[in-house]
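Shown next as structure tokens:
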């Protein structure tokens with residue numbers, strides 16, 4: 431595919447789409463019913479449906495029976511951890527192998543023209559972004575993921591929280607499943623905004639932002655505190671009356687779903703004239719500019735709070751104006 435038919439590349443080799451980024455037409459006023467209907471398939475495909483099906487697969491083929499989950503034993507916990515590691519290695523690895531190792535589509539649709547493997551930095555373990563990101567993902571991210579998962583399943587198995595069945599509450603649980611991305615977006619925005627507060631940014635979130643040029647393994651490369659806060663979105667299902675499969679879906683949506691915003695490419699080519707949109711641009715701009723786009727655009731939080739950057743010149747001007755106001759406030763406070 432010719433990416434220059436869809437965007438522009440600057441002298442540094444960085445590519446940007448012609449169309450500015452936009453939030454989903456879900457929470458807008460006045461309502462846009464036609465735009466909503468056109469966008470609605472993207473709410474399910476390809477990622478949301480995939481993560482929902484993965485939760486069902488885990489429930490039927492990976493997890494032990496309910497009686498076994500009532501007891502915390504190393505056997506089923508270690509097995510679950512190893513399956514989680516293998517699944518993440520496969521899912522993230524497919525993107526890494528195709529886009530960054532084989533470079534099957536070159537730098538077409540790649541936001542940052544540089545390759546992380548060629549950019550050494552003391553900010554990373556062994557000076558390598560990939561090694562650092564993988565060590566953090568598998569060293570702390572997957573153990574935390576599994577601990578949260580085990581805690582949720584153990585709580586449901588022992589009746590510590592309400593377990594609603596699909597047979598008795600089909601409509602409610604269907605609506606809750608539809609709301610899972612909304613729960614994620616709200617949780618993510620509030621957490622993300624909080625860890626950009628000065629001390630928390632320096633101690634916690636700066637680890638993730640070391641990957642200014644994100645790639646697939648950057649997705650869950652975070653400080654352990656941030657990993658727990660981010661993956662902990664699934665713990666809401668211990669408060670909201672729910673079902674363990676929906677809790678698994680919420681966890682998979684966060685864990686596996688971290689990759690779209692960090693894949694580094696606007697489109698993943700499937701052939702000479704076919705490609706899948708990554709929906710990564712909004713979050714890529716956050717990694718590039720740091721203080722914009724704290725959400726992913728499903729809910730227009732950033733528009734409401736004045737931190738949205740759509741990649742356009744107008745968005746750049748708004749961001750610079752906000753920086754100048756912030757700088758003026760800091761200078762006034764220092765006097």
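Residue numbers (this note's numbering): 431 to 765.
For glycine and all other residues, C-beta sits at the position ideal for the given N, C-alpha and C.
Under three-state DSSP, which class holds residue i?
i, result
"residue 705", "strand"
"residue 765", "coil"
"residue 559", "helix"
"residue 535", "coil"
"residue 431", "coil"
"residue 726", "coil"
"residue 732", "helix"
"residue 641", "coil"
"residue 648", "helix"
"residue 462", "coil"
"residue 455", "coil"
"residue 655", "helix"
"residue 689", "coil"
"residue 721", "coil"
"residue 616", "helix"
"residue 633", "helix"
"residue 666", "helix"
"residue 598", "coil"
Closer than 6 Å by C-beta to residue i: which residues in its own chain qualify, once you throw out the five before and the five after it? Chain order, please.
i, result
"residue 658", "574"
"residue 553", "640"
"residue 450", "740, 741 and 742"
"residue 673", "594 and 603"
"residue 521", "686"
"residue 443", "543"
"residue 437", "445, 446, 447 and 448"
Could you tell me which residues DSSP puts in a beta bridge with residue i?
i, result
"residue 446", "438"
"residue 695", "540"
"residue 593", "672"
Just checking my contact of residue i with residue j at CB under 8 Å: how many whole Å lie between their CB atoms?
i, j, result
"residue 715", "residue 682", "No, residue 715 and residue 682 are not in contact; Cβ-Cβ is about 26 Å, not under 8 Å."
"residue 695", "residue 708", "6 Å"
"residue 727", "residue 712", "5 Å"
"residue 725", "residue 568", "That pair is no contact at about 27 Å."
"residue 455", "residue 469", "5 Å"
"residue 609", "residue 482", "Contact doesn't hold; Cβ gap of about 13 Å is too wide."
"residue 539", "residue 433", "5 Å"
Once the 5 residues before and after residue i are set aside, which same chain residues still bring their CB inside 8 Å of it?
i, result
"residue 755", "none"
"residue 641", "546, 559, 563, 648, 651, 692 and 717"
"residue 767", "Limits of the chain in this structure are 431 at one end and 765 at the other, which puts residue 767 out of reach."
"residue 637", "566, 651, 652, 653 and 656"
"residue 615", "725, 726, 728, 729 and 731"
Between which residues of its own chain and residue i is the CB-CB distance below 7 Å, once the five residues before and five after are set aside?
i, result
"residue 591", "585 and 668"
"residue 706", "476, 697, 698 and 700"
"residue 688", "649 and 650"
"residue 453", "727, 730 and 733"
"residue 634", "625, 653, 655 and 656"
"residue 492", "510 and 513"
"residue 661", "574, 575, 578, 681, 684 and 685"
Hey, which unbroken runs of the alpha helix (DSSP H) at 4 residues or more fall wholly within the stretch 566-592? Segments of the alpha helix (DSSP H) lying fully in the stretch 566-592: 572-587.
Residue ranges of each alpha helix (DSSP H) run of no fewer than 4 residues wholly in the stretch 477-553, ordered along the chain? Complete alpha helix (DSSP H) runs here, min 4: 477-487, 496-499 and 504-525.
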